[in-house]
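Enquirer:
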Amino acid sequence: MSDVHIFGVRHHGPGSARSLLRALEQLQPDAILVEGPPDAQEVLPLLAHPAMRPPVALLVYVPDAPHRAAYFPLAEFSPEWQGVRFGLARGIPVRLMDLPQTHRMAATSRKTRVVSQAGEPETAARRDSHEHRDEAAQGGGVEDDSDSQLTTHDSQLASDPLSALAEAAGYGDGERWWEQVVEQRRDGADAFAAVLEAMAALRDAFPEERGPTEALREAWMRQAVRAARAEGRRRIAVVCGAWHGPALTDLSGARRDAALLKGLPKVKTAATFVPWSYGRLTFASGYGAGVESPGWYDHLWNHPEQTVVRWVTRAARLLRDEGLDAPSAGVIEAVRLAEALAAMRDRPLPGLPELDEACHAVLCGGADAPMRLIAERLVVGERIGEVPDETPMVPLQQDLRRAQRRLRLPPEASWKDYDLDLRKPNDLERSRLLRRLALLGVPWGRLAGTGGTGTFREVWRLQWEPELDIALIEAGIWGATLPAAAAARALDAAERAPDLPAVVAVVGQALLAELREVAGPLMDRLAAAAASTGDVAQLMDALIHEDPVARTSLVSALRYGSVRRTDAEAIAGVVGGIAARLCVGLPGACASLDDAAAEAMAERVTAVDGALRLLRDEGHLEAWRAALRRVLDLGSAHGLVAGRCCAILLDAQALSPDEVARRLSLALSAGTPPDRAAAWVEGLLRGNAAPLLHDDALWQILDRWVTNMGPEPFQQALPLLRRTFATFTAPERRRMGERARQQDGAWGLNSSTLDGDSFDRARTDAVLPLVALLLGVLSAE
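Using the numbering used here, you'd call the opening residue of the sequence shown number 86 and step up by one each time.
Following this line, the structure appears as structure tokens:
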């Protein structure tokens with residue numbers, strides 16, 4: 086079979102890529118078959134576009150269900166990338182020959198998933214584990230499905246057979262082994278012939294490693310090779326994972342392969358290219374065909390000469406940029422140490438393990454933190470690819486790309502913080518963009534804070550993940566532009582919201598995203614939800630719901646508007662309706678509450694009072710205070726809620742101090758259980774000691790209650806009282822202590838407990854200094 090030349094490679098290996106280019110230059114093939122999904126044949130010429138900059142990923146997905154997708158990442162040092170570019174640059178026919186995703190995706194289960202090049206779903210669990218590397222080095226695959234003919238076969242050996250050979254030779258990494266055993270050979274031996282022979286021996290030794298999916302894939306590859314031969318091709322280059330090489334040497338059994346592939350299920354697919362990142366090329370990202378050090382491999386590919394010196398120099402420059410000491414002498418010593426370690430280990434040249442140890446010992450002084458920096462920035466790398474404008478995209482993707490260029494927000498693989506001043510038009514547009522994407526389920530940015538006390542600052546942390554392209558494709562059903570899609574998505578989310586607070590949350594997001602064209606329908610939906618709910622707690626939550634970072638609520642938007650120039654009039658009717666309904670229903674909602682429900686209700690009452698006072702609508706305030714009085718008159722109201730209502734009315738001067746003292750006296754009467762009485766005190770005084778410090782009547786009532794309490798009731802009430810007094814500031818507690826000691830004369834005597842006719846103040850004052858001296862309060866001087 087001299088017309089078919091098989092080049093078994095290691096995916097994403099610079100050594101394999103370099104060897105492949107040399108072999109292709111020597112062979113000058115008239116056809117190149119590359120392991121990859123034929124579904125993407127139409128977009129394959131884009132790899133020759135000058136604006137296509139790796140790493141990128143070939144994305145194949147089901148248009149009607151974009152979450153069913155498969156990524157096929159490519160880096161500059163990937164043999165497949167170099168093989169395809171070699172053929173395209175010379176006009177040689179290049180074809181993808183793996184089992185099409187149209188069959189593989191038809192066989193997947195109906196669960197939502199994103200599939201990697203290895204056919205492995207990109208779930209959080211997989212991203213955190215290195216244990217599931219499903220057909221990783223071979224590219225392509227589907228999720229396990231016991232009901233399907235196409236089942237994925239987990240195989241550590243099949244996933245990276247070159248690493249298995251490297252381990253047998255005493256190497257810890259397949260690429261190190263390839264570099265040192267193959268790349269640095271000088272005897273002119275055919276490396277690919279040796280790899281093919283080694284793979285054949287592995288497959289014979291471990292026949293159980295070949296699963297049913299591999300059989301289908303290899304049958305399809307053989308059919309592709311037969312088709313190329315039938316066209317009259319005489320120098321066919323086959324670029325595939327090394328494990329598959331032996332299966333493609335024997336092209337007999339065409340009928341058997343055709344029978345095996347007959348009747349496979351199909352589903353319509355589409356293909357495009359999306360930017361990828363080096364971080365997503367790693368095993369740690371959950372990518373089955375990943376590598377451990379894409380940044381190092383990039384360095385090997387681009388700097389074949391003086392590799393060690395250049396690497397250590399880059400590490401030193403990185404440390405200096407971060408303010409760490411990395412002198413030139415340290416660079417020289419680190420290079421010498423790496424070379425010495427390689428010589429001791431009988432390695433021709435230092436590899437990454439030797440360089441890591443040398444940099445750790447010399448440049449980092451044995452510290453781990455600088456080495457983690459080198460690992461993140463250099464060993465893994467932060468590069469993210471680019472695709473040309475001609476790449477097939479849904480309209481929503483195109484609109485986002487235009488917005489990114491206009492607002493100078495390039496997608497980057499690493500985190501980058503943007504401190505936005507919403508008073509500036511460009512920053513305001515950036516905030517709108519990010520909030521609209523969040524509404525569409527494309528979380529490019531995370532709101533990290535406001536950068537101060539005002540509402541005109543926002544700090545966003547941005548990091549582009551390749552999966553966001555899938556989210557954009559899915560969001561394309563809502564519209565062709567970001568504003569239109571976000572508006573449609575907001576309306577749909579509001580209609581589907583299960584309760585009033587959920588509707589309020591959607592409306593709040595839409596207001597912040599400035600979707601004015603749907604403000605009216607959203608307000609109508611909010612009003613309808615408020616009118617249909619009888620849950621007072623939900624009404625209160627709707628009124629006080631606030632963005633946790635931007636601190637924007639319906640009430641604040643109505644009172645102040647915002648730097649976004651939100652139309653506050655659209656909110657006024659909804660807020661008024663919510664306020665009226667909760668005022669009517671508040672007394673019933675406060676009856677017969679347990680301790681936990683009372684705690685939640687007290688917090689809501691406080692928050693609603695603050696919101697309505699911020700609104701400064703006298704009609705709403707009058708109705709609200711009338712509702713609080715009705716709660717006070719309830720005999721079944723929990724003490725914590727009743728005390729909180731009393732404190733609010735006292736602060737608003739809607740209750741006189743005498744009336745508050747009367748109600749406190751009733752709450753602390755002998756017939757009231759100690760825990761209920763203490764809860765009433767907590768509701769009245771929590772966080773505010775002013776009534777107790779400035780109202781003698783309240784002080785005396787509380788003093789008598791504590792003084793006359795028996796030991797057992799005192800123990801029941803003490804924890805609640807301690808919790809209440811703990812909410813006072815240190816100056817307030819100090820003033821209370823001073824008042825307790827000095828009230829009505831020196832040494833803490835309380836004249837209210839003595840009969841004025843029998844008390845001789847002159848005789849008491851005469852004896853007190855001697856008593857104080859005996860007690861050690863005063864010195865003999």
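For every residue, glycine included, the Cβ atom is placed at its ideal position computed from N, Cα and C.
Among the candidates 725, 851, 353, whose CA atom is the shortest distance from the CA of residue 191?
Expert: Considering only alpha carbons, the answer is 353.
Enquirer: Which one or two residues does DSSP pair with residue 352 in a beta bridge?
Expert: Note: residue 352 sits in no beta bridge, so no partner.
Enquirer: For residue 325, name the three-state secondary structure that DSSP assigns.
Expert: Correct three-state label for residue 325: strand.
Enquirer: According to DSSP, residue 93 sits in a beta bridge with which residue or residues?
Expert: Beta-bridge pairing links residue 93 to 325.
Enquirer: Identify whether residue 546 lies in helix, strand or coil by the three-state DSSP scheme.
Expert: In this structure, residue 546 counts as strand in the three-state DSSP scheme.
Enquirer: Would you report the Cα separation of residue 338 and residue 279, rounded to the nearest angstrom?
Expert: Using only the alpha carbons, I get a separation of about 25 Å.
Enquirer: Rounded C-beta distance between residue 466 and residue 383? I'm assuming under 8 Å.
Expert: About 6 Å; that satisfies the 8 Å criterion.
Enquirer: So is residue 485 buried or exposed if we call it buried at 16+ other beta carbons inside 10 Å?
Expert: Residue 485 should be labelled buried.
Enquirer: In this structure, how does DSSP classify residue 141 when only helix, strand and coil are distinguished?
Expert: Residue 141 falls in the strand class under three-state DSSP.
Enquirer: Quick check on this structure: which residue in 739, 700, 697 has the alpha carbon closest to the alpha carbon of residue 711?
Expert: Of the listed residues, the one whose Cα sits closest to residue 711 is 739.
Enquirer: Take every Cβ of the region 518-529, pair it with every Cβ of the region 570-578, and state whether three or more of those distances are shorter than 8 Å.
Expert: Touching, yes, given that three or more Cβ pairs across the two stretches are closer than 8 Å.
Enquirer: Looking at residue 554: is its Cβ nearer than 8 Å to the Cβ of residue 144?
Expert: Yes, these two residues count as a Cβ contact at 8 Å.
Enquirer: Shortest alpha-carbon distance to residue 749 belongs to which of 737, 788, 772, 715?
Expert: Measuring from the Cα of residue 749, the nearest candidate turns out to be 788.
Enquirer: Taking its Cβ as the centre, do 16 or more other Cβ atoms sit within 10 Å of residue 673, making it buried, or is it exposed?
Expert: Exposed: under 16 other Cβ atoms inside 10 Å.
Enquirer: Is it a yes or a no for the region 175-182 touching the region 340-353, going by three-plus beta-carbon pairs under 8 Å?
Expert: The region 175-182 is not in contact with the region 340-353.
Enquirer: From what residue to what residue does the alpha helix (DSSP H) around residue 72 run?
Expert: Absent from the structure is residue 72, since the part of the chain shown begins at 86 and ends at 866.
Enquirer: Just to confirm my understanding: we take residue 824, look at its own chain, exclude 5 residues before and 5 after, and list those with CB closer than 8 Å. What are they?
Expert: Taken in chain order, the residues that qualify are 778, 784.
Enquirer: Just to check, is the beta-carbon of residue 558 closer than 7 Å to a non-hydrogen atom of the ligand ZN?
Expert: As far as ligands go, the structure on display features none, and thus does not contain the ligand ZN.
Enquirer: Run through the DSSP bridge pairs and tell me what residue 534 is partnered with.
Expert: Answer is 544.
Enquirer: Taking the C-alpha atoms as reference points, what is the distance between residue 666 and residue 621?
Expert: Going by the C-alpha atoms only, they are around 8 Å apart.
Enquirer: Let me know the secondary structure DSSP gives residue 813 once reduced to three states.
Expert: In this structure, residue 813 counts as coil in the three-state DSSP scheme.
Enquirer: Residue 508 by DSSP, collapsed to three states: which one?
Expert: In the structure shown, residue 508 sits in coil (DSSP, three-state: anything other than H, G, I, E or B).
Enquirer: Count the other CB atoms within 10 Å of the CB of residue 137; is the residue buried (16 or more) or exposed (fewer)?
Expert: By the 10 Å Cβ count, residue 137 comes out buried.
Enquirer: Quick one: give me the first and last residue of the alpha helix (DSSP H) that residue 527 is part of.
Expert: That residue, residue 527, is in no alpha helix (DSSP H); it is neither H nor E in DSSP.
Enquirer: Name the DSSP beta bridge partners of residue 118, please?
Expert: Answer by DSSP bridge pairing, in chain order: 180, 323.
Enquirer: Return helix, strand or coil for residue 750, following the three-state DSSP convention.
Expert: Helix, per DSSP.
Enquirer: Can you name the start and end residues of the beta strand (DSSP E) that residue 157 belongs to?
Expert: Element bounds for residue 157: 150-159.
Enquirer: Measuring CA to CA, which of 531, 276, 98, 142 is closest to residue 108?
Expert: Out of 531, 276, 98, 142, 276 has the C-alpha closest to the C-alpha of residue 108.
Enquirer: Does the Cβ-Cβ distance between residue 746 and residue 782 come in under 8 Å?
Expert: In this structure, residue 782 lies closer than 8 Å to residue 746 by Cβ.
Enquirer: Taking the C-alpha atoms as reference points, what is the distance between residue 327 and residue 345?
Expert: Each residue's alpha carbon lies about 23 Å from the other.
Enquirer: Would you mind giving the Cβ-Cβ distance between residue 119 and residue 310, rounded to the nearest angstrom? I have them listed as a contact below 8 Å.
Expert: Not really, about 12 Å apart at Cβ, beyond 8 Å.
Enquirer: Less than 8 Å between the CB atoms is what I'm expecting for residue 114 and residue 322, so what's the real figure, rounded?
Expert: The pair is a contact, with the Cβ atoms about 4 Å apart (cut-off 8 Å).
Enquirer: With respect to the alpha helix (DSSP H) encompassing residue 318, which residues constitute its N-terminal and C-terminal limits?
Expert: Per DSSP, residue 318 belongs to no alpha helix (DSSP H) and is neither H nor E.
Enquirer: Kindly indicate the opening and closing residues of the alpha helix (DSSP H) around residue 439.
Expert: Start and end: 437-443.
Enquirer: Go ahead and pull the three-state DSSP assignment for residue 31.
Expert: In the structure as shown, the chain starts at 86 and stops at 866, and residue 31 therefore has no counterpart that could be examined.
Enquirer: For residue 592 and residue 598, what's the separation of their Cα atoms in angstroms?
Expert: Cα to Cα, residue 592 sits roughly 10 Å from residue 598.
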